[in-house]
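Asks: The structure under discussion is supplied below as structure tokens; questions concerning it will follow.
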Amino acid sequence: MRIVRVPYDHPEAMKLNDAVQQEYAERYGDEGDITPLDPAMFEPPRGLYLMAYDEDERPVATGGWRTQNRNDEGYADGDAEIKRMFVVREARGRGLARLILAALEDDARAAGRTRMVLETGTMQPEAIGLYTSSGYEPTEKFGLYRFETASRCYAKPL
Numbered sequence: 568m569r570i571v572r573v574p575y576d577h578p579e580a581m582k583l584n585d586a587v588q589q590e591y592a593e594r595y596g597d598e599g600d601i602t603p604l605d606p607a608m609f610e611p612p613r614g615l616y617l618m619a620y621d622e623d624e625r626p627v628a629t630g631g632w633r634t635q636n637r638n639d640e641g642y643a644d645g646d647a648e649i650k651r652m653f654v655v656r657e658a659r660g661r662g663l664a665r666l667i668l669a670a671l672e673d674d675a676r677a678a679g680r681t682r683m684v685l686e687t688g689t690m691q692p693e694a695i696g697l698y699t700s701s702g703y704e705p706t707e708k709f710g711l712y713r714f715e716t717a718s719r720c721y722a723k724p725l
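Be aware that the sequence shown starts at 568, since it is given in this note's numbering, and climbs by one per residue.
The following block contains the structure:
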């Protein structure tokens, strides 16, 4: 596997973004994650977007972080928010998400961020398992989905 930095709006990243949105729609019965995202949010040093390629150079996983600071959506100064962590079904179980997560944490730490935060949902038990086994703990809800009952927020000091 090869993990590389790409722009959030890279054509292959957009294909995987469409796939994760479809999975969200299937799991939650809605239109997917409607959090507004701009490619500039993932440009260093304010963020990072990664893509993993398999041995046949097929894009199989993505993940990114973006800078957040104290605001009316419940973020705190120094936050780095994980967005669009996704592994295609046929590549799951190989540890790719864990590798991407560690790379995102390292990069956010190097950028001076002090806490990694993320929002996921009750219909994503695999994601919850990944994050809790990686040291993330439940935290006060933040972001667009902070009032949704199916939403779960986690944080980890960097």
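Cβ coordinates follow ideal geometry from the N, Cα and C atoms, glycine included.
As an exercise, report each continuous beta strand (DSSP E) stretch of at least 3 residues that is fully enclosed by the segment 606–675, in chain order.
Replies: Listed in chain order, they are 614–620, 626–635, 646–654.
Asks: Candidates V573, L711, E590, A619: which alpha carbon is nearest A694's?
Replies: That would be E590, whose Cα lies nearest to the Cα of A694.
Asks: Do A580 and V573 have their C-beta atoms within less than 8 Å of each other?
Replies: yes
Asks: Hey, quick one: how far does the alpha helix (DSSP H) through M683 stretch, first residue to last?
Replies: No alpha helix (DSSP H) holds M683; the beta strand (DSSP E) holding it covers 682–688.
Asks: Considering only DSSP beta bridges, list what K582 is partnered with.
Replies: In the DSSP output, where bridge partners are listed per residue, K582 has none listed.
Asks: Using the three-state DSSP reduction, which class does P574 fall into: helix, strand or coil?
Replies: Of the three classes helix, strand and coil, the one that applies to P574 here is coil, per DSSP.
Asks: Are the Cβ atoms of R651 and T687 separated by less than 8 Å?
Replies: Taking 8 Å as the Cβ cut-off, R651 and T687 do not qualify as a contacting pair.
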